[in-house]
Amino acid sequence: MTSKAKISAKTISVDVAIVGAGFGGLCMAIKLREAGNEDFVILEKAAEVGGAWYFNGYPGAACDVQSHLYSFSFAGKADWSKRYAPRDEIENYILDTVEQYQLRPFIQFNQEVNEAHFDETTGRWTVRTAAGMTIDCRHFVLASGPLHVPNVPSIKGLKRFKGKVMHSAEWDHSYDLVGKKVVSIGTGGSAIQYCPEIAPKVKKLSVFQRSAAWVIPGMSVAIGESSSACSNASRRYANCIGRGSTGVMNRGWRRPPARRRPNCWVPCASSSSACKSKTRRWRKS
Ligand SMILES: Cc1cc2nc3c(=O)[nH]c(=O)nc-3n(C[C@H](O)[C@H](O)[C@H](O)COP(=O)(O)OP(=O)(O)OC[C@H]3O[C@@H](n4cnc5c(N)ncnc54)[C@H](O)[C@@H]3O)c2cc1C
Numbered sequence: 046m047t048s049k050a051k052i053s054a055k056t057i058s059v060d061v062a063i064v065g066a067g068f069g070g071l072c073m074a075i076k077l078r079e080a081g082n083e084d085f086v087i088l089e090k091a092a093e094v095g096g097a098w099y100f101n102g103y104p105g106a107a108c109d110v111q112s113h114l115y116s117f118s119f120a121g122k123a124d125w126s127k128r129y130a131p132r133d134e135i136e137n138y139i140l141d142t143v144e145q146y147q148l149r150p151f152i153q154f155n156q157e158v159n160e161a162h163f164d165e166t167t168g169r170w171t172v173r174t175a176a177g178m179t180i181d182c183r184h185f186v187l188a189s190g191p192l193h194v195p196n197v198p199s200i201k202g203l204k205r206f207k208g209k210v211m212h213s214a215e216w217d218h219s220y221d222l223v224g225k226k227v228v229s230i231g232t233g234g235s236a237i238q239y240c241p242e243i244a245p246k247v248k249k250l251s252v253f254q255r256s257a258a259w260v261i262p263g264m265s266v267a268i269g270e271s272s273s274a275c276s277n278a279s280r281r282y283a284n285c286i287g288r289g290s291t292g293v294m295n296r297g298w299r300r301p302p303a304r305r306r307p308n309c310w311v312p313c314a315s316s317s318s319a320c321k322s323k324t325r326r327w328r329k330s
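Numbering (the working numbering), first residue to last: 46 to 330.
Here is the structure:
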């Protein structure tokens, strides 16, 4: 089982072809090696590993799951700088993991898969890339990710708009936002991270949302900064979690007595009635 020697050829034959060098594809590769199978290739359309974390570099980009949980269970990292690590640190973690597990020789960069056929008589796949590679394989794994492709809404008149337009996933860092009037659309995970970063720089920031989102304080304390900061944040987090959510994160957190429950949910930037009513309802409970 040695595919590494054959990889430079335009047509290769392997046991497993994996599409994508994000967390999913890399994990598959690590587990294949662990099982003793080195007869595989990772086909990646980008020029580097990382997937969503390679493509997204907007200001304030960071994990919104605690970093000790947002890492491979078998490749823990003890020195995350913050509870919710910034994007660059996550990218470095991915790069380090690729080196640690010696995955680079298995990856073919700039290879966008655009065709795959299964032959029932041979039980094998023929996979083709836009750059002209053909891969004959027995197993074909799609780890192509759900979220790395920017979704630009079709807004009437957008094409005629004379100002700068950018998607958070394609942030133009050369464009200076200082003193500009900015409209931000959406209040999902990305906007919630970049809006606080750009707000102090711009002249005016207007945030539009279709559906109201719950927003809680970030509480991304530096790890090891001060134990009291940590425990205060943990307590506030526990209080918030204890008030409403269920499931894994709820277990182990004690629900505080009603009179001590803080107003930990804050209204989002919008003054929409849906948002306000949710906030009011929450505060009464
Ligand atoms: C801005 C942002 C922040 C996020 N934050 C969090 C978070 O805090 N916590 C959390 O749990 N999740 C978060 N996510 C979700 C994130 O998508 C997953 O956590 C995880 O990174 C997905 O890994 P993946 O390998 O499945 O996909 P991806 O990371 O998307 O990787 C897919 C890879 O496949 C490649 N690919 C796709 N199609 C082809 C093709 N045809 N040919 C060749 N290569 C191809 C892509 O180039 C990419 O490198 C976030 C997502 C985004 C976009």
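Quick reminder that beta carbons are idealized off the backbone N, C-alpha and C, glycines included.
The residues C108, in chain order, have a CB closer than 7 Å to that of Y115 in the same chain once the five nearest residues on each side in sequence are set aside. Fewer than three Cβ pairs drawn from the segment 207-214 and the segment 171-190 lie within less than 8 Å of each other, which leaves the two stretches out of contact. A check of alpha carbon separations from G81 across D60, V110 and N196 identifies D60 as the nearest. Distances taken from the Cβ of V158 to the heavy atoms of ligand 1 include one shorter than 7 Å. Spatial neighbours of S112 in its own chain (CB-CB distance under 6 Å, excluding positions within 5 residues in sequence) are listed in chain order as W125 and A130.
Residue pairing of D164 in beta bridges, as defined by DSSP: R169. Checking the 7 Å criterion, the Cβ of F68 is within range of a heavy atom belonging to ligand 1.
Take I230, set aside five residues on each side of it, and the residues of its chain with a beta-carbon closer than 6 Å to its own are F253, in chain order. For I75, no beta strand (DSSP E) encloses it; the enclosing alpha helix (DSSP H) starts and ends at F68 to E79.
Remark: the C-beta of A97 is in contact range of ligand 1, defined as less than 7 Å to any heavy atom. The segment 200-207 makes no contact with the segment 82-94, as fewer than three CB pairs between them are under 8 Å. With contacts defined by Cβ atoms closer than 8 Å, I63 and I180 do not form a contacting pair. Between the C-alpha atoms of Y99 and G168 there is a straight-line separation of about 34 Å. When DSSP states are grouped into helix, strand and coil, L88 belongs to the strand group. DSSP, read as helix, strand or coil, puts S213 in helix.
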